[in-house]
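Data block below; observations after.
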Amino acid sequence: LSAAVDGTERMRLCASFGATMASSFAVSRLHMRGKTSFAKCLQRADTTSTISCVLSSEKNLSCWMVSSLLSDEKNGQKSLHTLQVERQEQAERSVLISCQSSTNEKKFLKYLSKHGEISKYFFYESYGVYAVVEFAKQESVSSLLEGAAIPGGSHESAVPFKSRLLSLRNFSPVDSQNQPSGLQCQPQTTIPISELIKRLSREKSIDKQITSLAEAYQLTEENSRLRFLVCSLLKDIAAAYFPECTIKPFGSSVNGFGKLGCDLDMFLDVDSISGRNVKLSGLSLEYQMKRANSERAVTQSILSVIGECVDQFGPGCVGVQKILNARCPLVRFAHQPSGFQCDLTANNRVAMKSTELLYLYGGLDPRVRNLVFTVRCWARAHGVTSSIPGAWITNFSLTVMVLFFLQKRSPPIIPTLDHLRDLAGPADKSVIEGNDCTFVSNFNKIRLESNTETLEKLLSEFFEFYATFPFSRMSINIRKGKEQNKPEVAPLHIQNPFETSLNVSKNVNASQLDRFVSLCQESSWLLQQSETGTPRGGGGDGGPTPWGLATLLLPSQVAGIKSRKKRRREPASERIKGLLESLKNKNQLKKS
Ligand code: GTP
Ligand code: MG
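Written as C-alpha cells, this is what we have:
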C-alpha cells in the first residue's frame with residue numbers, strides 16, 4: 045500500500061453548503077434548541093450532517109440532530125466507528141455527476157431537486173468538472189437513477205452497468221455553449237511546496253508555522269466525503285456478488301493524518317455478512333459454500349473476481365492491477381473522476397485496527413496531528429519517504445516514530461498501547477488471527493498527563509531524539525513506550541503494534557536510515573541557529589525570507605547524504621555551514 049501520486053494534478057473543489065431547500069419550520073425548531081448548541085454544532089467537523097438534518101424533514105430533525113448533538117457533547121470526540129457509519133450513510137445518499145464547465149448551478153440544482161431535497165453539494169475539478177450531490181433521502185437517489193438514460197449514439201458500445209456516477213447532458217440550445225462557468229471552484233490538492241514555504245515564512249512563530257502547515261495540507265470536509273463516496277460506488281460493484289458487504293476507507297484517508305492527494309486505501313469487508321458466525325441450536329439450515337484451502341486463498345479469489353469487475357464494468361476505474369501474491373493481496377487502480385489512486389484489500393482487519401489506533405492517538409491532543417503532519421511533510425520534501433515502494437521509510441513507520449517520541453516525553457504526551465489496552469471495555473475486545481488488538485475506543489476514558497511543551501520545542505526535540513537514537517541496538521515499541529533490544533538485524537526496527545513479531549520497517553535499508561538520521565541532525569542544528577531559527581525580515585518581490593520550518597522544508601542540495609563515502613570525508617557541521625551559505629546566497633540573489 046503505497047502513497048498516491050503527490051497531488052500534482054489540480055483538483056478543484058467548490059464547497060457550496062447546499063442550503064437549497066431549508067424550510068422555515070425546521071429553522072425555527074433549531075432556534076428553540078438554543079444558540080449555543082447551534083454554534084457548537086456548526087463548529088464541529090460534522091457540520092454538514094447537522095445541516096443535512098435542518099434540511100431534511102421535520103421528523104428527521106428532531107431525532108437525528110438531537111442524537112448527533114448528544115453523542116458529541118457527551119463523548120467529546122467520535123470514535124472512528126461512529127464516524128465511518130455516518131459518512132457511509134451520507135455516501136449512500138449521494139451521486140457523482142460529471143458536468144460541463146458551463147453548467148448553470150441554479151438550473152442544475154432545480155433539475156435535481158425534482159427528485160427530493162438536496163442536503164449538500166459541491167463542485168470540484170479533476171479531468172473536468174464534477175458535482176457531488178447528497179440528497180436528504182435515499183429514495184431521491186433511486187428516483188434520479190430511474191430517470192437517467194443509457195448512453196447512446198456513440199460508435200463504442202457501453203457495458204449496461206448502472207452506477208451512481210452519471211453525466212449531465214444539456215440539450216437546451218440556449219445556454220448550452222460557451223457560457224462562462226458560474227461554478228466557484230477552488231484548488232483542493234495541496235499547494236505546491238514553494239508556495240507553502242512562502243506561506244510559512246510569513247508566520248511569526250514556529251508553532252504557527254506548524255499549525256499553518258497542517259491546515260494547508262489536511263483533508264478537507266469535501267475531500268473526505270468524496271473518499272467515502274468512491275468507496276460506496278465501489279461497494280455497488282462488489283454487491284453484485286456480496287450484497288451485504290461493505291467497503292470502508294482506512295489508512296490516511298480516515299486516520300486524521302491524511303494529506304490532500306494521499307491514496308485511498310479501501311477494505312472490502314465480507315465479515316459483516318450476517319449469519320456468518322451465528323451460533324446454531326436445534327434444527328437449522330446453513331448455506332452451502334465453496335471452500336478454499338486457506339483464508340488467504342478466499343481473499344485472493346474474492347479480490348480477483350471483484351478486481352475483474354472493477355476493470356471490466358467499473359465506470360471511471362482505469363489501470364486496474366491485481367496484486368494478489370503480495371503479503372496483503374490487493375487490487376490497485378486509479379479512479380479517474382475523483383483523481384484518487386485506490387488500493388482495494390480484503391480481510392485486512394489488522395490494518396483497520398492500526399488505522400483506529402492512529403485515529404485515537406491523533407484525537408487525544410492536537411499536538412499529535414500537528415507534529416505528524418510536519419514530520420511527514422519534512423520527510424517527503426527531502427525524499428525520506430516516497431510514493432514508490434522501496435527501501436524508504438513509509439508514512440506509517442514515520443507516524444509510529446512520532447508517536448513513540450511523544451510517549452517518551454516527560455511527562456508523556458500520549459499513553460502507551462498497553463495502557464490503552466488496560467482501559468478497554470468488553471466491547472473493545474478484539475483478537476485477529478491470534479493477535480490481541482484490544483484497546484479502548486472511548487476518548488473519555490483516557491486521562492492525559494499535563495505536558496505543556498510547545499510545538500516548536502517538540503519539533504526540535506524530535507530531531508534531536510532521532511539524531512541520537514541507538515538504532516543499531518534498539519527497537520521502537522509503542523506498546524511499551526520504551527525502546528527494546530532489537531530482536532533482528534534489520535537497520536530500523538519498529539515493532540508492529542498488533543502483530544508484535546513483525547517489523548513494520550523491515551524494508552528500510554542502512555543508507556535510507558543514515559539519510560534520515562543525518563537530516564535529523566541537520567534540522568535540529570538549523571532550528572537552534574538564530575539565522576534560521578527566528579523570523580527574518582526581508583521579502584519584497586522574491587517573497588519573505590525562509591526561516592524556521594520553512595528552511596527545513598527547502599529541498600537543499602547539501603542537506604542529507606549524497607553518498608555515505610562522501611559523508612565520511614565531510615563532517616556534518618561542514619555540510620550545515622554549506623547549507624547556510626547557500627541560503628544566504630539565495631536571499632542575496634532575491635534582494636539584488
Ligand atoms: P499514506 O498513504 O502514505 O498517506 O499513509 P497511510 O497511513 O495510508 O499508509 P499506507 O497507504 O501505506 O497504508 C495504509 C494503512 O495500512 C496504514 O495507515 C496502516 O494502518 C496500515 N499499514 C501500512 N503499512 C503497515 C505495516 O507495515 N504494518 C501494519 N500493521 N499496518 C500497516
Ligand atoms: Mg494510504
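In this note's numbering, the protein residues as written are 45 to 636. Note that CB positions come from ideal geometry on N, CA and C, so glycine has one too.
Segment limits, beta strand (DSSP E) that includes residue i
i, result
"residue 410", "From DSSP, residue 410 is part of no beta strand (DSSP E) but of the alpha helix (DSSP H) over 410-425."
"residue 384", "384-390"
"residue 211", "209-211"
"residue 168", "162-169"
"residue 378", "374-379"
"residue 363", "361-367"
Whole-Å CB distance - residue i paired with residue j, under 8 Å assumed
i, j, result
"residue 415", "residue 503", "7 Å"
"residue 435", "residue 556", "5 Å"
"residue 174", "residue 142", "6 Å"
"residue 178", "residue 201", "Going by Cβ atoms, the distance from residue 178 to residue 201 rounds to 32 Å, so no, they are not a contact pair."
"residue 393", "residue 476", "5 Å"
"residue 257", "residue 418", "6 Å"
"residue 277", "residue 140", "7 Å"
"residue 254", "residue 597", "So it is not a contact: roughly 11 Å between Cβ atoms."
"residue 507", "residue 568", "4 Å"
Sub-9 Å separation of residue i and residue j beta-carbons
i, j, result
"residue 421", "residue 308", "no"
"residue 461", "residue 388", "no"
"residue 456", "residue 495", "yes"
"residue 375", "residue 362", "no"
"residue 521", "residue 448", "yes"
"residue 182", "residue 136", "yes"
"residue 275", "residue 310", "yes"
"residue 515", "residue 536", "yes"
"residue 314", "residue 346", "yes"
"residue 529", "residue 545", "no"
"residue 184", "residue 160", "yes"
"residue 579", "residue 591", "yes"
"residue 344", "residue 373", "yes"
Residue i versus residue j - alpha carbon distance
i, j, result
"residue 532", "residue 464", "27 Å"
"residue 646", "residue 187", "With the chain running from 45 to 636 in the structure shown, residue 646 is simply not present."
"residue 212", "residue 480", "50 Å"
"residue 593", "residue 500", "9 Å"
"residue 548", "residue 214", "52 Å"
"residue 350", "residue 458", "40 Å"
"residue 49", "residue 431", "Bear in mind that the predicted position of residue 49 carries a pLDDT of just 33, short of 50, making it too unreliable to give a figure here."
"residue 452", "residue 512", "14 Å"
"residue 259", "residue 572", "25 Å"
"residue 295", "residue 439", "10 Å"
"residue 121", "residue 484", "13 Å"
"residue 261", "residue 297", "13 Å"
"residue 33", "residue 505", "Absent from the structure is residue 33, since the part of the chain shown begins at 45 and ends at 636."
"residue 395", "residue 575", "43 Å"
"residue 538", "residue 523", "11 Å"
"residue 23", "residue 227", "This structure cannot speak to residue 23, because the chain is shown only from 45 to 636."
"residue 264", "residue 157", "26 Å"
"residue 299", "residue 406", "8 Å"
"residue 155", "residue 488", "46 Å"
"residue 286", "residue 126", "23 Å"
"residue 444", "residue 124", "19 Å"
"residue 252", "residue 577", "13 Å"
"residue 128", "residue 168", "23 Å"
"residue 196", "residue 170", "24 Å"
"residue 234", "residue 595", "19 Å"
"residue 466", "residue 540", "19 Å"
"residue 316", "residue 391", "11 Å"
Boundaries of the alpha helix (DSSP H) in which residue i is found, first to last residue
i, result
"residue 349", "339-357"
"residue 31", "Outside the shown range of the chain, which is 45 to 636, sits residue 31, and nothing can be said about it."
"residue 448", "439-451"
"residue 499", "499-511"
"residue 312", "Looking at the DSSP string, residue 312 is not in any alpha helix (DSSP H); the run it does join, the beta strand (DSSP E), is 308-313."
Beta carbon proximity, residue i to chain B, threshold 9 Å
i, result
"residue 451", "Among the chains in the structure shown there is no chain B, since it carries only a single protein chain."
Task: At least three beta-carbon pairs within less than 8 Å, the segment 256-276 to the segment 376-392 - done: yes
Task: Validate contact between the segment 330-339 and the segment 298-311 using beta carbons, cut 8 Å, 3 pairs - done: The answer is no - the segment 298-311 does not touch the segment 330-339, with fewer than three Cβ pairs under 8 Å.
Open item on the list: Below 8 Å, how does it come out for the segment 198-210 and the segment 347-367: are there three or more Cβ pairs, yes or no?
Closed with: yes
Task: Distance cut 5 Å, beta-carbon to the ligand ZN heavy atom: residue list by chain order - done: This structure lacks the ligand ZN; its bound ligands are the ligand GTP and the ligand MG.
Open item on the list: For the pair the segment 367-380 and the segment 287-302, tell me if three or more CB-CB distances fall below 8 Å.
Closed with: no
Task: Contact between the segment 423-432 and the segment 550-565 (3+ Cβ pairs under 8 Å) - done: yes
Task: Stretch-stretch touch, CB-based, cutoff 8 Å, three pairs: the segment 239-257 with the segment 180-195 - done: No, the segment 239-257 does not touch the segment 180-195.
TODO: Flag this pair as touching only if the segment 234-245 and the segment 386-401 have three or more C-beta atom pairs under 8 Å; answer yes or no.
DONE: The segment 234-245, when compared against the segment 386-401, does not touch it at the 8 Å Cβ threshold.
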